[in-house]
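In our numbering, the protein residues as written are 307 to 777. Okay, structure first, notes after.
This is how it looks when you write it as structure tokens:
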């Protein structure tokens with residue numbers, strides 16, 4: 307029995323509404339969740355050949371710490387979302403190749419450190435910024451997808467596609483079960499509610515930046531459908547037609563969501579479901595952002611989760627080099643994934659203008675949380691009138707860091723500066739105590755509110771905890 311894995315469904319009427327997820331084998335039925343308000347029996351969420359997925363929904367007060375009980379054990383939650391609170395942010399929980407063969411203690415070393423941090427001072431929320439699972443290898447072992455994405459069968463039969471979907475579902479279950487059974491992850495996931503946003507590796511490397519003939523092929527659509535179904539089940543404890551209230555679109559055309567807590571709102575647009583080589587977000591995502599802008603609260607901090615960094619250096623130089631150097635062209639999808647790509651410049655400016663106007667309407671800074679690049683860094687965009695966007699990048703918690711030379715190259719690009727909006731320059735800044743703008747160490751981010759003031763610090767694998775940064 308794997309679980310309970312906690313997810314925050316919503317905050318309403320002074321209550322935090324939660325889901326507890328279980329992965330059971332061999333006809334097992336999870337015991338009820340018990341709280342002071344009663345007992346909550348799990349129900350079947352999904353069935354696989356070798357496992358049944360169960361979910362129990364329950365709620366607890368949002369203004370105090372409290373506990374729930376399951377199977378004879380008690381689990382304390384630091385559920386106070388109204389006063390001082392701590393939030394952890396992680397991303398990139400895995401690697402593209404051979405992730406399941408890694409030594410568990412090495413792979414989950416930063417998860418173990420996060421557990422220790424929770425024991426010392428509990429977290430109220432755990433934010434996951436993308437690539438919670440690395441699904442890149444699930445296409446291996448089936449004749450239709452073995453050559454993905456370079457070699458795609460022209461006209462597969464319906465029976466062959468059904469067999470492919472079954473293969474992909476099985477492989478995704480195996481990966482999620484392995485991730486959630488890891489003792490370090492399982493311990494904290496039972497005690498801190500998670501909020502998850504997906505990125506490309508939750509589907510496949512570069513999803514949304516692939517060629518149209520790849521993404522819209524029968525193989526590509528089968529892959530996206532299986533990954534989306536598993537994302538809902540394992541990262542949201544939900545299925546189509548039963549999405550939590552925090553989702554903007556109940557139909558699930560896009561999977562962006564919005565959480566409102568006292569003095570805090572967390573906005574997580576979906577940067578994958580509607581993405582193509584020319585657009586990072588589609589009509590549903592922009593509608594969600596527009597609605598959030600029209601209903602800005604009078605006070606409090608807005609945190610925007612952007613699975614790829616919103617503020618970054620000028621990537622057009624690297625994109626131009628790729629045209630000239632054939633050996634570099636394999637990285638084209640990685641650069642096109644970014645807001646700063648030449649292909650997305652108009653949408654990048656649109657998003658920055660929207661955030662600028664939201665900050666001025668509220669009279670407060672905006673904090674952007676990002677992952678994806680397997681490095682730690684931060685950036686600042688001056689918005690005028692004493693306001694700014696602070697971007698905090700934490701990546702990855704399990705993905706090993708790239709070579710330091712890559713961090714130095716990005717740092718060199720960052721010196722050139724960027725100003726996609728006139729009068730609003732973007733600057734890549736150093737983490738407290740670091741000499742370079744990008745830090746090539748595994749890491750996670752800590753956010754803390756004390757008496758309405760927010761501070762951030764990074765836990766770096768080798769360098770340790772940074773000093774706090776005022777936001």
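The beta-carbon is built from N, C-alpha and C at its ideal position, and this holds for glycine as well.
For residue i, which option in the options has the closest C-alpha, if you only look at C-alpha atoms?
| i | options | result |
| --- | --- | --- |
| residue 255 | 583, 649, 550 | Missing from the structure shown is residue 255; the chain here goes from 307 to 777 and no further. |
| residue 352 | 493, 544, 455 | 544 |
| residue 593 | 564, 618, 613, 571 | 564 |
| residue 326 | 401, 501, 455, 529 | 501 |
| residue 691 | 513, 663, 503 | 663 |
| residue 701 | 395, 537, 668 | 395 |
| residue 755 | 775, 744, 748, 740 | 775 |
| residue 398 | 688, 354, 762, 682 | 682 |
| residue 475 | 497, 531, 462 | 531 |
| residue 314 | 552, 561, 729, 413 | 552 |
| residue 477 | 511, 653, 440, 494 | 440 |
| residue 577 | 527, 571, 645 | 645 |
| residue 322 | 566, 762, 355 | 566 |
| residue 359 | 420, 620, 540, 446 | 540 |
| residue 451 | 433, 472, 438 | 472 |
| residue 610 | 640, 571, 585 | 571 |
| residue 613 | 742, 579, 334 | 579 |
In terms of residues, what are the limits of the alpha helix (DSSP H) holding residue i?
| i | result |
| --- | --- |
| residue 540 | 524-542 |
| residue 666 | 651-668 |
| residue 422 | 415-426 |
| residue 494 | 489-495 |
| residue 589 | 589-600 |
| residue 520 | 518-521 |
Taking all protein chains shown into account, decide if residue i is buried (16 or more other Cβ within 10 angstroms of its Cβ) or exposed.
| i | result |
| --- | --- |
| residue 601 | exposed |
| residue 516 | buried |
| residue 533 | buried |
| residue 697 | buried |
| residue 678 | buried |
| residue 659 | exposed |
| residue 319 | exposed |
| residue 463 | exposed |
| residue 748 | buried |
| residue 635 | Legend: pLDDT at residue 635 = 45, less than 50; position of this residue unreliable, no value from coordinates given. |
| residue 414 | buried |
| residue 403 | exposed |
| residue 762 | buried |
| residue 643 | buried |
| residue 546 | exposed |
| residue 726 | buried |
| residue 724 | buried |
| residue 505 | buried |
What are the boundary residues of the beta strand (DSSP E) that includes residue i?
| i | result |
| --- | --- |
| residue 611 | 607-611 |
| residue 674 | 672-676 |
| residue 502 | 500-502 |
| residue 310 | 308-318 |
| residue 554 | Element bounds for residue 554: n/a, residue is neither H nor E. |
| residue 380 | 379-383 |
| residue 679 | No beta strand (DSSP E) contains residue 679, which DSSP labels as neither H nor E. |
| residue 570 | 570-574 |
| residue 567 | 563-567 |
Rounded C-beta distance between residue i and residue j? I'm assuming under 8 Å.
| i | j | result |
| --- | --- | --- |
| residue 338 | residue 357 | About 20 Å separates the two Cβ atoms, so there is no contact after all. |
| residue 373 | residue 382 | 5 Å |
| residue 410 | residue 488 | 6 Å |
| residue 676 | residue 699 | 5 Å |
| residue 703 | residue 720 | The pair is not a contact, with the Cβ atoms about 23 Å apart (cut-off 8 Å). |
| residue 467 | residue 524 | 6 Å |
| residue 574 | residue 591 | 10 Å between Cβ atoms; not a contact. |
| residue 751 | residue 671 | The Cβ separation is near 16 Å, so there is no contact. |
| residue 607 | residue 760 | 6 Å |
| residue 715 | residue 745 | The Cβ separation is near 14 Å, so there is no contact. |
Strictly under 7 Å for the Cβ-Cβ distance: is residue i near chain D by that measure?
| i | result |
| --- | --- |
| residue 366 | Any reference to chain D falls outside this structure, which holds one protein chain only. |
| Taking only runs of the beta strand (DSSP E) that begin and end inside the segment 320-374, which ones reach a length of at least 3 residues, in chain order? | 321-330, 339-341, 344-346, 349-353, 358-367
| task | Within the segment 690-767, note down every full beta strand (DSSP E) run reaching 3 residues or more, in order along the chain. | result | 693-699, 732-735, 749-756, 759-766
| query | What are the uninterrupted segments assigned as alpha helix (DSSP H) that are 4 or more residues long and contained completely in the segment 389-472, given in chain order? | reply | Here the runs fully enclosed are 410-413, 415-426.
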